[in-house]
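First up is the structure itself, then whatever we jot down about it.
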Amino acid sequence: MSESRGTYGPGAGASPSGMGAVRRRRRWLRYGALGVAVLVLAAGGVGWAAYQKLNGNITKDTDAAAELARYEKERPTPLVHDAQNILLIGSDTRAGRGNRKYGRDPGTQRSDTTILLHLAADRQSATAVSIPRDVMVDIPSCRRTDGSRTRAQFAQFNWAYEFGGTACTIRTIEKLTRIRVDHHMVVDFAGFKGMVDAVDGVQVCLRAPMNDTDAHVKLAAGKQTLNGEQALGYVRARKSLGNGSDTDRMDRQQEFLGALVNKVQSNDVLLNPAKLYPVLDAATSSLTTDPALASLRGLYELVRGMRNIPTERVQFLTVPRQSYSYDANRDELVEPAAGELFTRLRTDSPVQVTPREPEKSAPSQERAYEESSYEEESGYEEEYDDSGEYGSDEKPDDPSHTPSPAPTFRGNTAAGATCE
41 MSESRGTYGP GAGASPSGMG AVRRRRRWLR YGALGVAVLV LAAGGVGWAA YQKLNGNITK
101 DTDAAAELAR YEKERPTPLV HDAQNILLIG SDTRAGRGNR KYGRDPGTQR SDTTILLHLA
161 ADRQSATAVS IPRDVMVDIP SCRRTDGSRT RAQFAQFNWA YEFGGTACTI RTIEKLTRIR
221 VDHHMVVDFA GFKGMVDAVD GVQVCLRAPM NDTDAHVKLA AGKQTLNGEQ ALGYVRARKS
281 LGNGSDTDRM DRQQEFLGAL VNKVQSNDVL LNPAKLYPVL DAATSSLTTD PALASLRGLY
341 ELVRGMRNIP TERVQFLTVP RQSYSYDANR DELVEPAAGE LFTRLRTDSP VQVTPREPEK
401 SAPSQERAYE ESSYEEESGY EEEYDDSGEY GSDEKPDDPS HTPSPAPTFR GNTAAGATCE
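Per my numbering, residue 41 is the first one in the sequence shown, and the count goes up by one each step.
This is the structure in structure tokens:
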């Protein structure tokens, strides 16, 4: 990434040279191909059958919708019109075709990966925030599949998905962040592999060889194009790369998703009808979504709204956290940095990321969030009042007030997820 990084978020405009408009037209052609392909598929008898198949692939999560409706009064109110917050959940269930070989199925499932994706109201930026599965949070009382209820408790985050599925996870996230979750998507191991295979693999760069028997993957160092099976092992591995922490694995997952975004945006996929249909088939087959997204039309409307976001403004980061005070194998949020991040997402304010530092050998160094870098790189320190809000003594409507620069968080962008 170049030294000329700017602050990305709402209000980031077009290039003064006009090249921004050219790039946007090109991206529109790429994303527009998705809509054209869907219309072509629906044009005739065979096309209509294909459209119906794709449309019917998506699993509609009506149970979660009904459960969330019961708690509507406690849910956060959206603050910014047109901003969208989508919860992406990677389930570690071993149930279902192709998932049993990844371990014993004890009859439960947990959220192996959870990402809160914020789409700015002006659709000029997207910020994906990983929520560590081991971070300690307040989980509300949730309804189990058998109709019984769990007690409210302070526990590690991924227990919420085991206790009460998607609805319990969303309620936990909303309680933690005060951010309204507008939509959700759940994908399992088999679905993830299908997506990667549908785009003919995704390229990554390995600093060292990888041999992880638990993750079922063996790779040489250097530039590699991973198929679905290899990609799943790559993003799941903990023991063979970095320091073995979940911190390192989340970084790797974010980098891989950035590379996947680059691949899907390429002309080779979206402008090639022979490759587009398998991608749509894999994507729809792998998804369980809220009712509003459970159709090709719903998904297309979501994608269409993202067509102008360049890869350098698709950002990935992990919520600031450190080792939990009472258990080094668990995490806790770092304040006020985590609260500031949530506030900026909730209010659709700019967020800026800087590249992560090279891997460190000591797990404690890698897990700990460097709070000092948050203050130094943002150029200011936030004040935190008793009401739980961030601000200063200056009135918001004071014409002499100059807005503080956006704080900087460790992360990367989809543009940076390429091999040199």
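The C-beta atom is built at its ideal place from N, Cα and C for all residues, glycine as well. Everything numeric in this text was worked out from a predicted model, so none of it was measured.
With distances taken from CA atoms, which of Asp240, Ala168, Val226, Cys182 is nearest Val319?
Asp240
Cα-Cα separation, Gln124 to Ile171
About 18 Å.
Taking the straight line between their C-alpha atoms, what separation do you get for Glu423 and Leu381?
Annotation note: pLDDT 35 at Glu423 (below 50); position unreliable, coordinate value reported separately. Answer to the nearest angstrom: the Cα atoms are 14 Å apart.
Beta bridge counterpart(s) of Ile213 as assigned by DSSP
Looking at the DSSP assignment, Ile213 forms no beta bridge with any residue, so it has no partner.
By the 10 Å Cβ neighbour count, where 16 or more other Cβ atoms means buried, how is Gly262 classified, buried or exposed?
exposed
Use the C-beta contact count for Leu74: other C-beta atoms within 10 angstroms, 16 or more gives buried, fewer gives exposed.
Any answer about Leu74 is weak, because its pLDDT of 48 lies below 50 and its placement is not dependable; what the coordinates show is given next. Result: buried.
Euclidean distance between Cα positions of Met290 and Gly96:
32 Å
Buried or exposed: which applies to Asp152, given that a residue is buried once 16 or more other Cβ atoms fall within 10 Å of its Cβ?
buried
So the candidates are Leu127, Leu266, Thr253, Trp199; which of them puts its Cα closest to the Cα of Arg220?
Checking every option, the nearest Cα to that of Arg220 belongs to Leu127.
Could you spell out the range, first to last residue, of the alpha helix (DSSP H) harbouring Lys233?
229 to 238
Endpoints, the beta strand (DSSP E) within which Gln270 is located
Note, Gln270: premise wrong, no beta strand (DSSP E); alpha helix (DSSP H) at 268 to 276.
Quick check: the region 334 to 345 against the region 92 to 109, are there 3 or more CB pairs under 8 Å?
Counting Cβ pairs under 8 Å, three or more are found: they touch.
Sorted by chain position, which residues of the same chain lie with C-beta nearer than 8 Å to Val242's C-beta, five sequence neighbours on each side aside?
Val236, Thr265, Leu266, Ala271, Phe296, Ala299, Leu300, Lys303
CA-CA distance, Ala200 and Ala168?
20 Å
Would you be able to state if there are at least three C-beta pairs under 8 Å between the region 201 to 214 and the region 100 to 112?
yes
Alpha-carbon spacing of Lys100 relative to Asp162, whole angstroms:
28 Å
Taking buried to mean at least 16 other C-beta atoms within 10 Å of its own C-beta, is Ser461 buried or exposed?
This structure gives no information on residue 461, because the portion of the chain shown stretches from 41 to 460.
Identify every residue that forms a DSSP beta bridge with Gly338.
For Gly338, which the question treats as bridged, DSSP gives no partner whatsoever.
If you draw a straight line from the alpha carbon of Ala455 to that of Gln294, how long is it in whole angstroms?
12 Å
When Ile179, Ala160, Ser326 are compared against Asp228, the one with the closest alpha-carbon:
Ser326
Give the single residue among Tyr274, Thr253, Glu112 whose Cα lies nearest to the Cα of Leu246.
Looking at the Cα atoms, Tyr274 is the closest of the given residues.
Could you tell me the distance, in whole angstroms, from the CA atom of Tyr91 to the CA atom of Gln305?
One C-alpha to the other measures close to 22 Å.
Please classify Ser131 as buried or exposed, where buried requires at least 16 other C-beta atoms within 10 Å of its C-beta.
buried
What do you reckon, are the CB atoms on Phe356 and Val393 nearer than 9 Å?
yes
How close, in whole Å, do the beta carbons of Thr212 and Ile179 come, if the pair is a contact with beta carbons under 8 Å?
5 Å
For a test of the three-state rule: what should DSSP assign to Thr453, helix, strand or coil?
strand
Look at the alpha carbon of Asp321 and the alpha carbon of Phe232, and state the distance between them as a whole number of angstroms.
One Cα belongs to Asp321, the other to Phe232, and the distance between them is close to 12 Å.
What does DSSP give as the partner residues of Ala195 in its beta bridges?
Val177
Rounded to a whole number of angstroms, what is the C-alpha to C-alpha distance between Thr102 and Asp330?
7 Å
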